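Residue numbers (mature numbering (1 follows the signal peptide of the UniProt record, and there is no 0)): -24 to -1, 1 to 439.
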């Protein structure tokens, strides 16, 4: 097994990082009640941005300027909140949101998101329901779609969009060709499909999902999106298809959630594979080593690309939430690949202390900002700032929480391998064979035509 190259920073804990320090949000990382209380405070601040449960509002949606996908990410974060803390305060709101936004097609393809929904957007809702299945989040009523089936629906639709005609494979960023970014194949869409496939493989023990995880990983590894020729892997944002995904067209921007989805997917594949787990350990270690760039001082997580855009006030509304996903996925990685715990835990501890210290703004003196290396509030506030702080704080409860369940170890969510398939001839759950691979490209084209026709009939609904 390849060892992690980055030196452990456990000495930071010994130096007093995990001790109780009075700050805007008190956080004693040696006390689970303190961690839960801090998480509760931050979760409450995050939910102040949500009004979808009020009369006349749309369940599941955040108000502009927040996009649909970030709402899905937020519900996933609150599922993790319940799992780590046992606090069910938001469970009913979460369930209502996840079910309402899945309707009427039960696949997270709402008509009113046609102008903005990309493959990565759909995936963040799939991550949420996958987490619901894995954490034993209360199941919906029997007359409603079930968590596992919803995740399977997204998987089936995503693989129907696999695009071998350009660049030898990969998912486009966008689902519809009239949206900006149709000619872009990005890391979070492809890495997201990789992660979802790996999680479905582990939950269902169905090899076809694992085959797809391998397929997506292999394509990414040979593309310029990923650099894996050393012990420290890089994941760039994406590449345009205009010149067949040439290295000259790669967007070399680094974001935490891109490497995070690869870390989590590799951890699940490591856990799933009995034979070949050393291969996945090597890959997992490569991405963990590569993530050191997001811990520039060896401790507190930093969204390094935002350091640049904040200078010109050019950061998007989405970007402050990205650290939430790296923190969430690092925590789960310690359960899927326990040998990583001693490396990851100190990073989550240091980052949690930094995040809690920055939650010192607003009228309540507990609003969270972005600069986790300062206890002076930086003036930023929003769903992303709250979500990132919540994620990294509650992730420090991972050692007290049950590992993700599967159908062989207590999972209760009901699945539907055919969910989300528009044309039942497009895909089935047989193992991938050479003949299937040859025929799948034809079927992919058919499905794309079906989806495009559906997009035309749906028109240009409001966001």
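Just so it is clear, CB atoms sit at the ideal spot from N, CA and C, and this is done for glycine as well. This structure is a prediction, so every number in the text was calculated from the model and none was measured.
*Quick one: give me the first and last residue of the beta strand (DSSP E) that residue 215 is part of.*
214 to 216
*Runs of alpha helix (DSSP H) lying entirely within the region 71 to 97, each at least 4 residues, in chain order*: none
*Taking three-plus beta-carbon pairs below 8 angstroms as touching, is the region 126 to 136 in contact with the region 78 to 97?*
yes
*Considering residue 162, what are the terminal residues of the beta strand (DSSP E) in which it resides?*
160 to 162
*Is it true that the region 111 to 122 meets the region 179 to 186, where meeting means three or more beta-carbon pairs spaced less than 8 angstroms apart?*
no
*According to the neighbour-count rule (16 or more other Cβ atoms, all chains shown, within 10 Å of its Cβ), is residue 156 buried or exposed?*
exposed
*asked:* Give me the residue from 346, 320 and 311 with the minimum Cα distance to residue 376.
replied: 311
_Sufficient close CB pairs (3 or more, under 8 angstroms) joining the region 93 to 106 to the region 284 to 291_ = no
*Who are the Cβ neighbours of residue 371 in its own chain at under 6 angstroms, not counting the five residues just before and after it?*
303, 307 and 324
_Can you look up residue 120 in the DSSP assignment and give me helix, strand or coil?_
coil
*With distances taken Cα to Cα, identify the nearest neighbour of residue 398 among 26, 49, 134 and 344.*
134
*Identify every run of the beta strand (DSSP E) within the region 277 to 312, keeping only runs that are complete inside it and at least 3 residues long; order them along the chain.*
none
_Check this for me: beta carbons of residue 123 and residue 181, under 9 angstroms apart or not?_
no
*When the distance is taken between beta carbons, is residue 174 closer than 9 angstroms to residue 241?*
yes
*How is the beta strand (DSSP E) around residue 335 delimited, first residue to last?*
335 to 337
*Out of 202, 264, 151 and 141, point me to the one whose CA is closest to residue 220's CA.*
141
*Beta-ladder partner(s) of residue 343, from DSSP*: 337
*Please report how far the alpha carbon of residue 197 lies from the alpha carbon of residue 190, in whole angstroms.*
10 angstroms
*Helix, strand or coil at residue 384 according to DSSP, with G and I counted as helix*: coil
*asked:* Could you give the first and the last residue of the continuous alpha helix (DSSP H) run that contains residue 20?
replied: 8 to 23
*Which of helix, strand or coil DSSP assigns to residue 229*: coil
_Close Cβ partners of residue 234 (< 7 angstroms) along its chain, the five nearest in sequence each way excluded_ = 163, 164, 167, 211 and 213
*Under the rule that 16 or more other beta-carbon atoms within 10 Å means buried, what is residue 243, buried or exposed?*
buried
*Inter-residue spacing [alpha-carbon to alpha-carbon] between residue 14 and residue 50*: 17 angstroms
*Beta-carbon proximity of residue 366 to residue 22, cut-off 9 angstroms*: yes
*Exposed or buried, which one is residue 386 when buried takes at least 16 other CB atoms within 10 Å?*
exposed
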